[in-house]
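Count the sequence shown with my numbering and you get residues 68 to 255, in order. Glycine residues also receive a C-beta, built at the ideal position from the N, C-alpha and C atoms. Reading through the structure tokens given below for one structure.
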Amino acid sequence: MEDTIMSKPIVATTSLAGCFGCHMSFLDIDDRILQLIELVEFNKSPINDIKTFTKHCDIGLVEGGCCLDENVHILRDFRKHCDILISVGECAIMGGLPAMRNGIPIKECLDEAYLYGPTVKDTNPDKIMPNDEELPIMLDKVYPCHEIVKMDYFLPGCPPNADLIWNALTALISGKEMDLPYEVVKYD
Ligand code: SF4
68 MEDTIMSKPI VATTSLAGCF GCHMSFLDID DRILQLIELV EFNKSPINDI KTFTKHCDIG
128 LVEGGCCLDE NVHILRDFRK HCDILISVGE CAIMGGLPAM RNGIPIKECL DEAYLYGPTV
188 KDTNPDKIMP NDEELPIMLD KVYPCHEIVK MDYFLPGCPP NADLIWNALT ALISGKEMDL
248 PYEVVKYD
């Protein structure tokens, strides 16, 4: 009888309007990373620096919400290429820290960031606002991922505990029920 070669589940990850802390927490699974690369194949991800999808993926892990048109484009691309999409961390789930700008007019945010804020006011004497046409466009506010596309799971925390990410991912790839005990879930 011929051996059946099972293909590994394919995982993609991205950071939208996030700080990469959730990716750092993912890597905090320490030596289980060796197990992980036996269990899954990574496609588009900053972890391996693959920049575009080359295959359809089983699972997409999304860090960060959407504050730029580019974030929306990437998130929609993830929805198209991944069977299961997971919001990882508070920025993906509810906008997180970047969403603190949601109550402030965009012009005020840009003026503070580029013209009058303490770190720029003396270094931008001509008061030039970056306007290269290649720059992504800021959205009117920061959106959580589920307001842009359907998200299938939500892993809370800022960042989520490494064990939470590990437990959720290994449960999904093995088809088992998720075991997410209280100790690995945090909300800050
Ligand atoms: S949830 Fe926290 S750790 Fe994750 S991207 Fe946002 S700020 Fe960074």
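| Check | Outcome |
| --- | --- |
| Terminal residues of the beta strand (DSSP E) in which C124 lies | 124 to 130 |
| Assigned secondary structure, V139 (DSSP; H/G/I helix, E/B strand, else coil) | helix |
| Contact test: L106 Cβ vs ligand 1 heavy atom, cutoff 7 Å | no |
| Other residues of its chain near N191: CB distance less than 7 Å, five sequence neighbours each side excluded | Y181, L182 |
| Proximity below 8 Å, CB of A84 to CB of P172 | no |
| Y210, buried or exposed, once every other Cβ within 10 Å from all chains shown has been counted against 16 | buried |
| Residue nearest to S74 in terms of C-alpha spacing, selected from F93, M91, L94, H123 | H123 |
| Contact the segment 235 to 253 vs the segment 186 to 201: 3+ CB pairs below 8 Å | no |
| Test item: CB-CB of L222 and S154 under 8 Å | yes |
| Cα-Cα separation, I126 to F109 | 10 Å |
| P226 Cβ short of 7 Å to ligand 1 heavy atom set | yes |
| Per DSSP, cross-strand counterpart(s) of F109 | V78 |
| C-beta contact flag for R143 and V251 at 8 Å | no |
| Secondary structure of Y249, DSSP reduced to three states | helix |
| Per-residue burial, N169 [other beta carbons within 10 Å of its own, 16 or more giving buried] | exposed |
| Status (buried if at least 16 other CB within 10 Å, exposed otherwise) for E69 | Residue placement at E69 cannot be trusted, given a pLDDT of 47 that sits under 50; the coordinates are not used to answer. |
| Exposure of M218, with buried meaning 16 or more beta-carbon neighbours within 10 Å | buried |
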